[in-house]
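> Mapping of the first sequence onto the working numbering: position 488 corresponds to residue 488, and the numbering continues sequentially without gaps.
Positions of the beta carbon are idealized from the N, C-alpha and C atoms, including for glycine.
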Amino acid sequence: MSKEITSREKDYSQWYNDLVLKGSLADYSAVRGCMVIKPYGYALWENMRDVLDKMFKDTGHVNAYFPLFVPKSLFEAEEKNAEGFAKECAIVTHYRLKNDPNKPGKLMVDPEAKLEEELIVRPTSEAIIWNTYKGWIQSYRDLPLLINQWANVVRWEMRTRLFLRTAEFLWQEGHTAHATKEEAIIETEKMLHVYADFVENWMAVPVIKGVKTANERFAGAEDTYCIEALMQDGKALQAGTSHFLGQNFAKAFDVKFSDKTNKLDYVWATSWGVSTRLIGGLVMAHSDDDGLILPPRIAPLQVVIVPIYKGDEEKAMISNTVEPLLKELKEMGIRVKYDDNDNNRPGWKFAEYEMKGVPVRIAIGARDLANKVVEVARRDTKTKLTVDVNGLSLYVKELLEEIQVQMFNKAKAYRDEHITKVDSWDEFVHVLDTKTGFVAAHWDGTPETEEVIKEKTKATIRCIPLNNEQEEGVCILSGKPSKERVLFARAY
RNA sequence: CGGGAGGUAGUUCAGCCCGGUAGAAUACUUGGUUUGGGACCAAGGGGUCGCAGGUUCGAAUCCUGUCCUCCCGACCA
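1. How would you label W136, buried or exposed, when you count the other beta carbons within 10 angstroms and need 16 or more for buried?
2. Can you give the Cα-Cα distance for A151 and E375, rounded to whole angstroms?
3. Whole angstroms is fine: what's the gap from Q406's alpha carbon to N262's?
4. By the DSSP assignment, the beta strand (DSSP E) with V117 in it spans what residues?
5. Can you confirm whether the segment 127 to 144 touches the segment 87 to 104 when touching is taken to mean that 3 or more C-beta pairs between the two stretches lie within less than 8 angstroms?
6. So, are the CB atoms of F163 and A30 less than 8 angstroms apart?
7. Which same chain residues end up closer than 8 angstroms to T188 when comparing Cβ atoms and leaving out the 5 residues on each side of it in sequence?
8. So if DSSP puts L466 in a beta bridge, which residue, or which two residues, is it bridged to?
9. Which residues in the same chain as E183 place their Cβ atom closer than 8 angstroms to its Cβ, once the five residues preceding and following it in sequence are excluded?
10. Distance check for A363 and F169, CA to CA, integer angstroms please.
11. Quick one: using the 10 Å Cβ neighbour count with 16 as the cut-off for buried, is I227 buried or exposed?
12. What separation, rounded to the nearest whole angstrom, lies between the Cα atoms of L278 and A239?
13. My parser needs the beta strand (DSSP E) runs of 3 or more residues fully inside the segment 344 to 380; what are they?
14. I need the DSSP call for A30, collapsed to helix, strand or coil.
15. Measure the Cβ-Cβ separation of E112 and V92 and say whether it is below 8 angstroms.
16. Please list, in chain order, all residues of the same chain as Y414 whose beta carbon is under 8 angstroms from its beta carbon, the five residues on each side excluded.
17. Would you call T460 buried or exposed, if buried means 16 or more other Cβ atoms sit within 10 Å of its Cβ?
18. So for L25, helix, strand or coil by DSSP?
19. Pull up the CB-CB distance for V474 and P465, whole angstroms please, since I reckon it's below 8 angstroms.
20. To which residues of the same chain is R335 closer than 8 angstroms at the C-beta, ignoring the five residues directly before and after it?
21. Would you kindly work out how many angstroms separate the C-alpha atoms of M1 and G174, rounded to a whole number?
22. Is the CB-CB distance between Q440 and R485 below 8 angstroms?
23. Can you give me the C-alpha to C-alpha distance between R141 and C463, rounded to a whole angstrom?
24. Measuring straight from C-alpha to C-alpha, what distance separates K256 and K98?
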């Protein structure tokens with residue numbers, strides 16, 4: 001078979017690409033920097049989306065949809081935000097094509113169809129949303145306004161990578177408005193915890209919750225909270241962000257409300273988002289050289305049953321045993337598939353489902369039938385066990401839960417081993433270059449120092465962890481006093 | 001956007017240097033034998049060689065432009 005995967009050791013980037021492409025998650029497209037999410041990858045996204053959507057609704061949010069295009073005048077209203085995104089915007093300047101008089105059969109942009117005002121394809125939706133909120137908010141009775149949207153956004157990236165950084169990607173963006181600063185900060189933190197809960201308990205990827213430094217902060221935000229995950233190559237990945245926007249957007253879009261004493265004030269805002277980038281993180285956090293390893297709770301397919309037979313008679317006998325089992329598993333809410341396709345032999349199917357990261361595989365042949373057992377194989381550990389058909393569905397249900405927990409524990413153990421405290425510059429550089437991962441070090445708190453460290457080592461401050469331990473120390477670069485360690489890493 | 005590599009059958013690639021009208025493996029179709037870790041035999045179908053120009057009697061091959069992808073860098077909430 002040609003479906004060979006480059007090993008992580010040989011070429012980590014290529015390994016990642018192989019998994020995404022050969023695991024049928026996504027494909028390249030004819031558009032620079034844009035990918036096609038294939039059905040299997042989209043099923044994964046749908047599962048993630050459904051869980052998150054429920055979490056948002058359980059915390060009082062509702063969904064809405066805002067336009068893809070943002071008039072330039074609105075876009076530039078919040079200056080810092082506009083500046084932050086200016087270099088990566090796609091812009092619509094015309095609205096019509098016409099036949100090219102010089103090239104029969106070809107089209108050209110009609111110069112007479114130039115838009116009076118250019119439209120920015122949203123890189124994020126704060127501008128259009130806050131322009132809308134202005135009309136929706138008059139009184140404290142209209143607050144809080146808790147809205148989320150599932151959408152695509154476009155950021156014209158110079159260098160793209162499947163899922164991790166594409167020109168167009170899918171995400172959700174929550175945009176909330178509050179009467180008080182305190183309430184907005186609580187919202188910002190609440191959604192960060194929702195993200196952490198989702199990524200850890202559903203995707204089995206451990207994260208560190210923290211706050212970004214000024215350099216890494218979202219343009220237009222007062223504070224950016226984030227969850228940071230660690231990939232198997234020791235690089236960090238920002239998995240989600242939640243921003244406390246202060247009154248910046250309210251002021252830029254003139255969104256005021258009357259409080260109970262009839263006093264006018266600007267509202268307080270938050271925004272928060274996670275994207276299809278999470279899929280890239282999922283792939284890199286768990287998978288191995290044989291293919292994807294997906295956590296059961298969000299795997300499109302949790303269990304696959306492969307029959308092993310000689311002739312139609314045996315196949316029919318196996319199917320007789322499998323059918324009730326299939327029904328039972330489905331009734332338990334387990335996503336299961338019986339692959340009785342004749343076109344491929346069992347060995348081929350084994351390899352294929354391993355590539356796709358299906359958590360549990362059940363193989364059943366004539367020998368098993370006689371003994372009333374099946375072979376149960378785990379994708380995460382690649383171990384196989386013989387299990388009684390009797391009580392199998394309950395066993396599988398429990399096994400799925402166990403796999404979920406073990407995947408998280410394994411990833412967490414790796415992550416925890418890769419948080420290294422260092423107290424000198426030499427040590428700092430050495431750990432970054434050899435052990436990799438997060439490096440916990442003292443920093444003098446200035447953007448200048450952060451910038452120099454980035455230039456010298458390519459490591460950035462991923463975050464200042466929430467509830468960070470306070471500890472006297474000196475900055476690894478400047479030697480100036482510091483009260484706490486921050487987490488550095490090279491990042492995606 | 002800079003440096004490097006690449007684009008030829010669904011896929012992986014050979015052919016290109018030295019121009020003569022496209023090939024392998026695998027996948028696919030049909031039939032048969034098979035089936036406990038990516039099966040075997042036989043027959044068959046499938047490519048305007050990324051696209052557009054140019055040179056030439058003749059271009060996958062040489063030249064120019066352009067699009068897409070990968071790797072490294074710059075850039076990136």
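This is what the structure holds:
1. As a position in the first sequence, residue 136 is number 136, starting the count at 1. By the 10 Å Cβ count, W136 comes out exposed.
2. Working through the first sequence from its first residue, we reach residue 151 at position 151. Working through the first sequence from its first residue, we reach residue 375 at position 375. Near 43 angstroms, if we compare the C-alpha coordinates of E375 and A151.
3. As a working note, residue 406 is residue 406 in the first sequence. As a working note, residue 262 is residue 262 in the first sequence. Straight-line Cα distance between these residues: approximately 56 angstroms.
4. For the purposes of this step, residue 117 is taken as the residue at position 117 of the first sequence. Checking the sequence, you will find Glu at residue 117 rather than Val. K114 to V121 is the extent of the beta strand (DSSP E) around E117.
5. no
6. Numbered from its first residue, the first sequence carries residue 163 at position 163. Numbered from its first residue, the first sequence carries residue 30 at position 30. Not a contact, by the Cβ cut-off of 8 angstroms.
7. For the purposes of this step, residue 188 is taken as residue 188 along the first sequence, with counting starting at 1. Counting only Cβ-Cβ distances below 8 angstroms, and skipping sequence neighbours, we find D223, Y225, S242, H243, F244, T270 and W272.
8. Here residue 466 corresponds to residue number 466 of the first sequence, with the count starting at 1. BP columns for L466 are empty, so no partner.
9. Taking the first sequence and counting its residues from 1, one reaches residue 183 at position 183. Closer than 8 angstroms at Cβ, skipping near neighbours: P144 and W268.
10. Counting from one through the first sequence, the residue named residue 169 turns up at place 169. Counting from one through the first sequence, the residue named residue 363 turns up at place 363. Taking the straight line joining both Cα atoms gives about 38 angstroms.
11. As a working note, residue 227 is residue 227 in the first sequence. It is buried - the Cβ of I227 has at least 16 other Cβ atoms within 10 Å.
12. Numbered from its first residue, the first sequence carries residue 278 at position 278. Numbered from its first residue, the first sequence carries residue 239 at position 239. Using only the alpha carbons, I get a separation of about 6 angstroms.
13. 360 to 365 and 373 to 378
14. Position 30 of the first sequence holds residue 30. A30 falls in the coil class under three-state DSSP.
15. The residue labelled residue 112 in the question sits at position 112 within the first sequence. The residue labelled residue 92 in the question sits at position 92 within the first sequence. Cβ atoms of E112 and V92: not closer than 8 angstroms.
16. For the purposes of this step, residue 414 is identified with residue 414 of the first sequence, where counting begins at 1. Closer than 8 angstroms at Cβ, skipping near neighbours: L230 and Q232.
17. Looking up residue 460 in the first sequence gives position 460. Answer is buried; the Cβ neighbour count reaches 16.
18. In the first sequence, counting from the first residue as 1, residue 25 sits at position 25. Correct three-state label for L25: coil.
19. The residue you call residue 474 lines up with position 474 of the first sequence. The residue you call residue 465 lines up with position 465 of the first sequence. Not quite, the Cβ-Cβ distance comes to about 19 angstroms (not below 8 angstroms), so this is no contact.
20. Within the first sequence, residue 335 is the residue found at index 335, counting from 1. Counting only Cβ-Cβ distances below 8 angstroms, and skipping sequence neighbours, we find A299, P300, L301, Q302 and V303.
21. Locating residue 1 in the first sequence gives position 1, where the first residue counts as 1. Locating residue 174 in the first sequence gives position 174, where the first residue counts as 1. Note that M1 scores 37 on pLDDT, short of 50, meaning its location in the model is unreliable; the coordinates nonetheless yield the value given after this. Looking at the two C-alpha atoms, the distance is approximately 45 angstroms.
22. Indexing the first sequence from 1 puts residue 440 at position 440. Indexing the first sequence from 1 puts residue 485 at position 485. The sequence shown places Ala at residue 440, not Gln. Yes, Cβ-Cβ distance for A440 and R485 is below 8 angstroms.
23. The residue given as residue 141 occupies position 141 in the first sequence. The residue given as residue 463 occupies position 463 in the first sequence. Answer to the nearest angstrom: the Cα atoms are 36 angstroms apart.
24. For the purposes of this step, residue 256 is identified with residue 256 of the first sequence, where counting begins at 1. For the purposes of this step, residue 98 is identified with residue 98 of the first sequence, where counting begins at 1. In a straight line, the C-alpha of K256 is about 46 angstroms away from that of K98.
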